[in-house]
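Just so we're aligned, residue 599 is where the sequence shown starts under this note's numbering, counting upward by one.
Note that CB positions come from ideal geometry on N, CA and C, so glycine has one too.
This one's a predicted model, so the numbers in the text were calculated from it and none came from an experiment.
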Amino acid sequence: MKFLVINGPNLNMLGVREPAIYGSATLAELEEMLKEHCKKIGAEVEFFQSNHEGDIVDRIQAAFGNTDAIVINPAAYTHTSVAIPDALKAVGIPAVEVHLSDVDKREDFRKISYVSPVCVATVKGKHFAGYIEACDILVAHLNK
Ligand code: CA2
599 MKFLVINGPN LNMLGVREPA IYGSATLAEL EEMLKEHCKK IGAEVEFFQS
649 NHEGDIVDRI QAAFGNTDAI VINPAAYTHT SVAIPDALKA VGIPAVEVHL
699 SDVDKREDFR KISYVSPVCV ATVKGKHFAG YIEACDILVA HLNK
């Protein structure tokens with residue numbers, strides 16, 4: 599089983615700024631934790647972070663035919679992008695959307711997600727644990 603974990607714009611700043619919202623751990627620490635979890639569940643995992651919408655679309659397309667499941671935090675593109683959900687739909691790879699914060703309890707514009715309709719599930723407000731839950735949801739989905 600091969601997973602791809604995609605993190606969108608500004609998530610490379612994790613642990614550097616806004617610890618009250620996004621926590622004080624870094625993206626490298628998140629990736630390390632997910633590597634450990636995937637090892638435990640016998641899955642391979644690759645990581646991708648980009649601040650550019652088209653690069654995220656390119657990476658989703660590159661996963662076609664070689665990746666079983668995608669965990670994606672599209673960050674701000676959640677609320678603006680049509681290209682990212684279109685790419686997820688185009689490749690047909692099951693995906694779970696993750697948000698570190700509880701977007702429903704923040705500004706109104708964060709309540710809108712163009713990505714959730716094409717995802718198996720959305721996990722929000724659970725910080726790093728949300729990514730682990732997303733992997734587990736995808737394992738259950740693939741074994742169904
Ligand atoms: O809660 C989430 O995971 C978000 O996807 C994070 C996005 C935000 O635009 C979404 O509404 C919710 C923002 C990511 C910014 O990440 C930072 C991390 C550390 C410091 C500054 C920004």
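Exercise for review: Can you grab the Cα-Cα spacing for the pair Ser-679 / Lys-637, in whole Å?
Suggested key: What you label residue 679 is simply residue 81 of the sequence shown in a count that begins at 1. What you label residue 637 is simply residue 39 of the sequence shown in a count that begins at 1. Taking the straight line from one Cα to the other gives about 32 Å.
Check your understanding: How do the stretch 654-661 and the stretch 623-632 stand: do at least 3 beta-carbon pairs fall below 8 Å, yes or no?
Key -> By the Cβ test, the stretch 654-661 is not in contact with the stretch 623-632, since fewer than three Cβ pairs between them sit closer than 8 Å.
Exercise for review: Could you tell me the distance, in whole angstroms, from the CA atom of Asp-666 to the CA atom of Thr-624?
Suggested key: Here residue 666 refers to the residue found at position 68 of the sequence shown. Here residue 624 refers to the residue found at position 26 of the sequence shown. The alpha-carbon atoms of Asp-666 and Thr-624 are separated by roughly 26 Å.
Check your understanding: How many Å lie between Gly-621 and His-725 at the Cα?
Key -> Here residue 621 refers to the residue found at position 23 when the sequence shown is read from its first residue. Here residue 725 refers to the residue found at position 127 when the sequence shown is read from its first residue. Spanning the two alpha carbons is a distance of roughly 8 Å.
Point to revise | Residue closest to Phe-645, alpha-carbon to alpha-carbon, out of Val-603, Gly-663, Ile-619, Asp-706 | key: Translated into the one-based positions of the sequence shown, residue 645 becomes position 47. The option with the nearest alpha carbon to Phe-645 is Val-603.
Review point. Residue range of the beta strand (DSSP E) that Leu-602 falls in?
Key: In the sequence shown, residue 602 corresponds to position 4, counting from 1. Taken as a continuous stretch (DSSP letters only), the beta strand (DSSP E) holding Leu-602 covers 600-605.
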